[in-house]
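In the working numbering, the protein residues as written are 3 to 339.
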Ligand code: NAD
Ligand code: UD1
């Protein structure tokens, strides 16, 4: 039986780990990626990790409707997981049109093509950023969303609204919105991981580059928040746990019509200082840091209520901060990035 799943952005950080978990669960990801933020070598590595050598990869833009037609005709996917998009918050403020085009147009092109081919199972990569500034953690799926502070976050919020409207109009769709908290770490093989272009914006890849000597020191963005040690609190989740959450969503909800929304987080918040301490312990490297001013748009604390995914998907995150920092460090040391 056909177990093809179209995975857009499947050579990127989260998409590649999800392809590994999909293959392990018996699915065939059809990977569509334009290589704008990843390396083609990730395709071979996914195949090496899973010992499968016939995983289709199509290089191209999700906005290319002719290409989508060809893929849907040839592979007849059962469902679509949509990871492709642009994700850097700072860049989205500088280049809002690029972000609206790439994030909205990829999604609309996919949804219209799915309509044409009667494929109605869609899993979307959203973000905890949609909860914005108005909610107090733990963040729960039915809280009000939309008070987002940058174009990147606004694209995620807008796509969620588009998906809600589609669900109102066409009840036979199965739409699953997954709101990621802070994905970190790498596959245990150290063959795939996070490989950001230039200087990283996010905490864990930044710490990793200081630990490896590539950057000189970590700048901690504020230690005067109303938290136990004054530094910001986030819900860090191992990327392999996150990837397994997608397989659970596909298996539990992929054929059930309706609009389903889940947080993918651990439910536990950790401070910047706690992450730094864990990284030092697992790597054995002393990581120099300085305290600087707060970063614009940062919240004191953001962490999930993880109950709904556990109850309805039978999924919960298993890995702890030690696993996350260890796999990040092994990935950096491997030289595979
Ligand atoms: P990533 O940049 O590593 O992966 C995205 C992939 O999509 C890249 O391989 C890129 O080459 C590809 N791509 C981009 N535009 C494309 C297009 N038009 N056509 C074809 N391919 C295209 O990012 P990621 O961290 O793996 O994130 C995946 C998704 O999850 C994104 O939608 C992102 O916004 C969302 N997300 C990420 C995080 C995070 O912290 N990493 C948090 C919340 C949500
Ligand atoms: C950031 C984005 C968010 C996006 C998410 C995942 C902003 C304002 N928010 O979230 O929209 O969904 O990444 O890509 O950019 N920190 C430091 N020094 C650093 C980097 C981070 O102290 O060099 C601190 C931050 O202040 C924060 C914590 O570490 O308290 C985590 O930061 P980060 O990894 O960037 O994630 P978010 O802020 O949650």
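We put the CB at the ideal spot given by N, CA and C, even for glycine. Since the structure is predicted, the reported quantities are computational estimates derived from the model, not experimental observations.
Integer Cβ distance of residue i from residue j, believed to fall under 8 angstroms
i	j	result
residue 273	residue 230	7 angstroms
residue 11	residue 86	3 angstroms
residue 115	residue 161	Going by Cβ atoms, the distance from residue 115 to residue 161 rounds to 16 angstroms, so no, they are not a contact pair.
residue 16	residue 241	6 angstroms
residue 14	residue 36	Actually they do not touch by this definition, with Cβ atoms about 10 angstroms apart.
residue 183	residue 55	Contact flag wrong, Cβ pair sits at about 34 angstroms.
residue 210	residue 330	5 angstroms
residue 194	residue 44	6 angstroms
Identity of the residues DSSP links to residue i by a beta bridge
i	result
residue 98	Its beta-bridge partners do not exist; DSSP assigns none.
residue 354	Given a span of 3 to 339 for the chain in the structure shown, any question on residue 354 remains unanswerable.
residue 83	9, 125
residue 330	In DSSP, residue 330 forms no bridge with anything.
residue 293	222
residue 239	185
Near ligand 1: residue i beta-carbon under 6 angstroms from a heavy atom
i	result
residue 16	yes
residue 300	no
residue 150	no
residue 254	no
residue 260	no
Burial state of residue i (16 or more Cβ within 10 Å)
i	result
residue 320	exposed
residue 61	exposed
residue 315	buried
residue 298	exposed
residue 3	exposed
residue 218	exposed
residue 325	buried
Near ligand 2: residue i beta-carbon under 6 angstroms from a heavy atom
i	result
residue 222	yes
residue 270	no
residue 234	yes
residue 228	no
residue 129	yes
(request) Run through the stretch 192–236 for me and flag every whole alpha helix (DSSP H) of 4 or more residues, listed as ranges in chain order. (result) Within the stretch 192–236, the complete alpha helix (DSSP H) runs of at least 4 residues are 205–213.
(request) Only counting runs of 3 or more residues, tell me where the beta strand (DSSP E) segments fall wholly within the stretch 22–57, in order along the chain. (result) Whole beta strand (DSSP E) segments, 3+ residues: 30–35.
(message) What ranges does the alpha helix (DSSP H) occupy inside the stretch 102–133, keeping only unbroken runs of at least 4 residues that lie completely in it?
(response) Correct list: 108–118.
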